[in-house]
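Chemist: First the structure, which I've put down as structure tokens, then a few questions once you've had a look.
Chains as they are written, first to last, in the numbering used here: chain A, -6 to 69; chain B, 869 to 994; chain C, 31 to 460; chain D, -11 to 336.
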């Protein structure tokens, strides 16, 4: 799916299992927290959780604003 | 923490730390998958035994239960195992007679025994 | 190392007063053979020996193992070392082979895991053992509640004893043909044939636990680290099956003794490559074991400086993981691989064939889809227990029809998708 | 006696009309209609078209279950030995109808079913496992080549002859494994392949392991403050109750959902349809999979121009590569149409 989107629009793939994303051919990849809750952590307070989520989304936006030539994983 | 996830009551009764799943082999695999998604590692192959899923009503998997990032190898193994099981739904037998069921439970216990000993999970012989 | 195989070509079987061989006929003294196997206190009273010839309307089931009768007539050690004889190294001297004959062990064990052999009809095309003259041992335990390992061992030993007994009884007959095999030691082997790639055979054996085991010199292969072996040792029965797994792709002892990959590699040794030897490895249950064995086996190959490996799998499911690990680990060490496996693509052929894969596995031969369904018409005679069709792997409730026909997956037919490549079956994508 | 074949065509090939007649209801006529003539010729008397089913493409698409049942019922009295649909070339709805009918007929009558399509016809991905689909060019100019190939394959199937590889017979690879006896032992074939690989000579593997291709990255977003960002997920997030009935695994569709006025996903409003992970966390708060709340904040703060007012969701679990591709292509077309700048795709 990510590849078909990338044919026409810039896309950042935000997912937990980076190697799978790499195999399916995503170019901009941001690792997330855990499979059942990629953008959250139920062990934290709702406020902490949202802050965490915001950090990840900002990282995703940064990835979209970064010129790349090959598959890149944005860890920070 | 090492733990056996199983739907084989015989085996469950012989281990130090286990979780009994009152359900099918697939339910065992799905429970293991949920735990892997949260960071647990699989220590024994979820498809052990050389039978097609429809001939394996019992499933037992030893995991190292923990939380954190998912272990890739465990993940790929468990996802593949679940996929294999789901692809075989059609030929799952509906009922199995007692004697055969006993054989199945026995084989499952046998396959796990060595590993359970290796991981010091066994309290007595199954 | 030099081994001569002295072949007697068995074309027919009969019961007679004396066990021996003449004019293509193997005569069997039933009482003597029965009393030999009945020595084992683990086996019951109702043992039987029956004969089945190619083309006969005979079905044999459930079949546990197939063994070729062999006996060492000269040289160190004796066949099936570590099990039937002492652990002396084998693979040298002269070994008598009753070519075209086989010993079959039949009987209920772990019932759903044993196979069917039809001597004629459509099922016969799928099993190599419809072409052999079969001496069938019908076995039962002395105690119905006996521990299954003990009974498995008793069945295994009965088959080996019978095979050795038959060949030994013909030891004084002059061979119809003699084949000579020579294997250089590693130092010479490495220097021989400069310019040809050095290759090996990575021989994977089913070892997932008791009743899913294979023995090397009598040692449970589960417990070994991958090790190096001469192909000639394999011919003398260094590897013995103790498997009760799906019949289609368990490697029978017979197929080890006659391993067709080894046979073909020996044939092409000196022409297409320099065949250095076999690396035996296991297929264990724990992931740590899988990682260890695949790393170790491929390390051995790299230490030997091999350029290529033929890798054969045994079984389905988690052994696919071992196969794939062996493949990519070898390839990443610069060792080219070709894989031999079989497929479980579902009855409709539409499911994924293997439980695992890697892009390095670009040279893969398959022995067919074990889930394809076949209808086996009724046979005039059944040796063993026909009602087992319903519980055999590859069968299902209702497999056995009232007219005696059986509808099963190929899985249930002994050796039908042999991953040693002992059949001509394969599969392609429609 | 020759074999009895039923032929399926749409309203256009039946000469009834074009798009304006696409709601034409199913009908069966004795004998040959339209392209059936060419088919008849290609059978050379070995098979006979006993009846032709005609159905409008739109009618079929919007009344699939009903149309299928009706057509199957109409076919019964002819007791056909084979069913041929199309060829549909690159006509999407026609191809889908041909494929769906083939699948239904195969199930109901257990007879050979054959169609003909251009490889990119969506009917191919959907039905290639259920039907034999001869590869055709993308328009009716290819009729002359397609029809004889379809007839030839149909006759082979009717006579129970062995079917060769896709390249030999001209059909689109179905992805179905079929056993075959070769001339050589598998062991010998393996050593042959091994030698070829060692020598660097060409060889053809008997089992292809999955491989993946690549797409070059798109240029970066220059002006985030004015960009429209869309959310897409394979994590199965959907309005509570899963109104589109997206499957928990092996999804056959995706959903398009409105985000107008939605500031935050809650357990009251959204859940996951995904069956591939423990749904507890996503059902409690779907922002954990699809971060709408944060994107709304960023929108308000002017970090991004705006959040696109629709999001797209499907279930990644077990979904075929073909379907995933199809969903991706369809979604991105809609996003481009709606003026979206860039996409955040979330997966579990």
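All C-beta atoms in this analysis are idealised placements derived from N, C-alpha and C, irrespective of residue type, glycine included.
1) For a test of the three-state rule: what should DSSP assign to residue 305 of chain C, helix, strand or coil?
2) Report yes or no: do the stretch 233 to 244 of chain D and the stretch 296 to 305 of chain D share at least 3 C-beta pairs separated by less than 8 Å?
3) Alpha helix (DSSP H) containing residue 984 of chain B: first to last residue?
4) Step through the CB atoms of chain D and report whether any lies within less than 8 Å of the CB of residue 452 of chain C.
5) How about residue 872 of chain B: is its C-beta nearer than 8 Å to some C-beta of chain A?
6) Within this structure, are the beta carbons of residue 915 of chain B and residue 431 of chain C separated by less than 8 Å?
7) Quick check: the stretch 144 to 160 of chain C against the stretch 33 to 53 of chain C, are there 3 or more CB pairs under 8 Å?
8) Can you check DSSP and say which residues form a bridge with residue 294 of chain D?
9) In this structure, does DSSP put residue 289 of chain C in helix, strand or coil?
10) Determine the DSSP secondary structure at residue 12 of chain D, reduced to helix, strand or coil.
11) Tell me the DSSP secondary structure of residue 959 of chain B in three-state form.
12) Which residues bound the beta strand (DSSP E) around residue 244 of chain D?
13) So residue 69 of chain A contacts chain D; which residues on that side make the cut at Cβ distance below 7 Å?
14) Within the 8 Å Cβ cut-off, does residue 273 of chain D reach chain B?
15) Helix, strand or coil for residue 104 of chain C, going by three-state DSSP, please let me know.
16) Under the rule that 16 or more other beta-carbon atoms within 10 Å means buried, what is residue 912 of chain B, buried or exposed?
17) Is residue 32 of chain D near the ligand PLP - that is, is its Cβ less than 7 Å away from at least one heavy atom of it?
18) Look up residue 457 of chain C in the DSSP assignment and say whether it is helix, strand or coil.
19) In the DSSP assignment, find the beta strand (DSSP E) that holds residue 414 of chain C and state where it starts and stops.
20) Quick check on DSSP: helix, strand or coil for residue 260 of chain D?
21) Which bits of chain D does residue 280 of chain C rub up against, with CB to CB less than 9 Å?
22) Applying the 10 Å Cβ sphere with the 16-neighbour rule, what's the burial state of residue 175 of chain D?
23) Less than 6 Å between C-beta atoms, sequence neighbours within five positions excluded: which residues of the same chain meet that for residue 269 of chain C?
24) Answer yes if the stretch 62 to 82 of chain D comes into contact with the stretch 127 to 140 of chain D, meaning at least three C-beta pairs across the two stretches below 8 Å, and no otherwise.
25) Name the chain B residues that come within less than 8 Å of residue 398 of chain C, Cβ to Cβ?
26) Give the residues from the stretch 288 to 312 of chain D that approach chain A closer than 8 Å (Cβ to any Cβ), ordered along the chain.
27) Give a yes or no on whether the minimum CB-CB distance between residue 884 of chain B and chain A is below 8 Å.
28) Measuring alpha carbon to alpha carbon, tell me which of D:46, D:23, D:71 ends up nearest residue 8 of chain D.
29) What is the rounded straight-line gap between the Cα of residue 154 of chain D and the Cα of residue 365 of chain C?
30) Give me the Cα-Cα distance between residue 217 of chain C and residue 318 of chain C, rounded to the nearest whole angstrom.
31) Using alpha carbons as the reference points, say which of C:316, C:346, C:315, C:307 lies closest to residue 337 of chain C.
32) Have a look at residue 872 of chain B and residue 333 of chain D and give me their C-alpha separation to the nearest angstrom.
33) Taking a cut of 7 Å between CB atoms, which residues from the stretch 249 to 278 of chain D lie near chain B?
34) When you compare each of C:232, C:219, C:173, C:72 to residue 357 of chain C by their alpha carbons, which one comes out closest?
35) I'd like the span of the alpha helix (DSSP H) that includes residue 439 of chain C, first residue to last.
36) Leaving out five residues on either side along the sequence, give the residues of the same chain with a beta carbon under 6 Å from the beta carbon of residue 218 of chain D.
Modeler: On the basis of the coordinates in this document:
1) Residue mapping note: residue 305 of chain C aligns to position 275 of the third chain, counting from 1. The answer is strand: DSSP assigns residue 305 of chain C an E or B state.
2) yes
3) Counted from its first residue, the second chain places residue 984 of chain B at position 116. It spans 966 to 986 - the alpha helix (DSSP H) in which residue 984 of chain B sits, taken as one unbroken run.
4) Translated into the one-based positions of the third chain, residue 452 of chain C becomes position 422. So, interface residue.
5) Against the second chain, residue 872 of chain B aligns to sequence position 4. Answer no: the Cβ-Cβ gap between residue 872 of chain B and chain A never drops below 8 Å.
6) The residue labelled residue 915 of chain B in the question sits at position 47 within the second chain. The residue labelled residue 431 of chain C in the question sits at position 401 within the third chain. Contact: no.
7) no
8) Numbered from 1 along the fourth chain, position 306 holds the residue referred to as residue 294 of chain D. DSSP lists D:216 as partners of residue 294 of chain D.
9) On the third chain, residue 289 of chain C is found 259 positions in, with the first residue counted as 1. Residue state, collapsed to three classes: coil.
10) For this step, residue 12 of chain D is matched to residue 24 along the fourth chain. Looking at residue 12 of chain D - three-state DSSP - the assignment turns out to be coil, as it is neither helix nor strand.
11) Counting from one through the second chain, the residue named residue 959 of chain B turns up at place 91. Here residue 959 of chain B scores only 48 on pLDDT, less than 50, and its place in the model should not be relied on; the value that follows carries that caveat. Here residue 959 of chain B sits in helix by DSSP.
12) Locating residue 244 of chain D in the fourth chain gives position 256, where the first residue counts as 1. Run containing residue 244 of chain D: 243 to 246, per the beta strand (DSSP E) assignment.
13) Start at 1 with the first residue of the first chain, and residue 69 of chain A comes out as number 76. By Cβ distance, chain D contributes nothing, its closest Cβ being about 17 Å from residue 69 of chain A, past 7 Å.
14) One-based indexing of the fourth chain puts residue 273 of chain D at position 285. Chain B contact via Cβ: absent.
15) If you number the third chain from 1, residue 104 of chain C lands on position 74. Strand.
16) In the second chain, the residue the question calls residue 912 of chain B occupies position 44. Buried, by the Cβ-count rule.
17) You won't find the ligand PLP in this model; it holds no ligand whatsoever.
18) For the purposes of this step, residue 457 of chain C is taken as residue 427 along the third chain, with counting starting at 1. The answer is strand: DSSP assigns residue 457 of chain C an E or B state.
19) Here residue 414 of chain C refers to the residue found at position 384 of the third chain. That run of the beta strand (DSSP E) goes 411 to 414.
20) If you number the fourth chain from 1, residue 260 of chain D lands on position 272. It is a strand residue.
21) The residue labelled residue 280 of chain C in the question sits at position 250 within the third chain. Under the 9 Å cutoff, chain D gives no residues; its nearest Cβ is about 15 Å from residue 280 of chain C.
22) As a first step, residue 175 of chain D must be located in the fourth chain, where it is residue number 187. Classification of residue 175 of chain D: buried, given that the 10 Å Cβ count is 16 or more.
23) On the third chain, position 239 is the one that residue 269 of chain C refers to. Contacts found: 246, 286.
24) yes
25) Here residue 398 of chain C is taken as the residue at index 368 of the third chain, counted from 1. In chain order: nothing, as chain B lies at least about 15 Å away.
26) 291, 292, 302, 304, 312
27) As a first step, residue 884 of chain B must be located in the second chain, where it is residue number 16. For residue 884 of chain B, the answer is no, since every Cβ of chain A falls outside 8 Å of its Cβ.
28) Residue 8 of chain D sits at position 20 when you count from the first residue of the fourth chain. Among D:46, D:23, D:71, the Cα nearest to that of residue 8 of chain D belongs to D:46.
29) The sequence position of residue 154 of chain D within the fourth chain is 166, counting from 1. The sequence position of residue 365 of chain C within the third chain is 335, counting from 1. Looking at the two C-alpha atoms, the distance is approximately 33 Å.
30) Looking up residue 217 of chain C in the third chain gives position 187. Looking up residue 318 of chain C in the third chain gives position 288. Their backbone Cα atoms lie some 33 Å apart in a straight line.
31) The residue given as residue 337 of chain C occupies position 307 in the third chain. Residue 337 of chain C has its Cα closest to that of C:307, out of C:316, C:346, C:315, C:307.
32) Here residue 872 of chain B refers to the residue found at position 4 when the second chain is read from its first residue. Here residue 333 of chain D refers to the residue found at position 345 when the fourth chain is read from its first residue. Cα to Cα, residue 872 of chain B sits roughly 36 Å from residue 333 of chain D.
33) 265, 266
34) The residue labelled residue 357 of chain C in the question sits at position 327 within the third chain. Cα-wise, what sits closest to residue 357 of chain C is C:232.
35) One-based indexing of the third chain puts residue 439 of chain C at position 409. Residue 439 of chain C -> not in any alpha helix (DSSP H); beta strand (DSSP E) instead, spanning 436 to 439.
36) Locating residue 218 of chain D in the fourth chain gives position 230, counting from the first residue. 296, 323, 328, 331.
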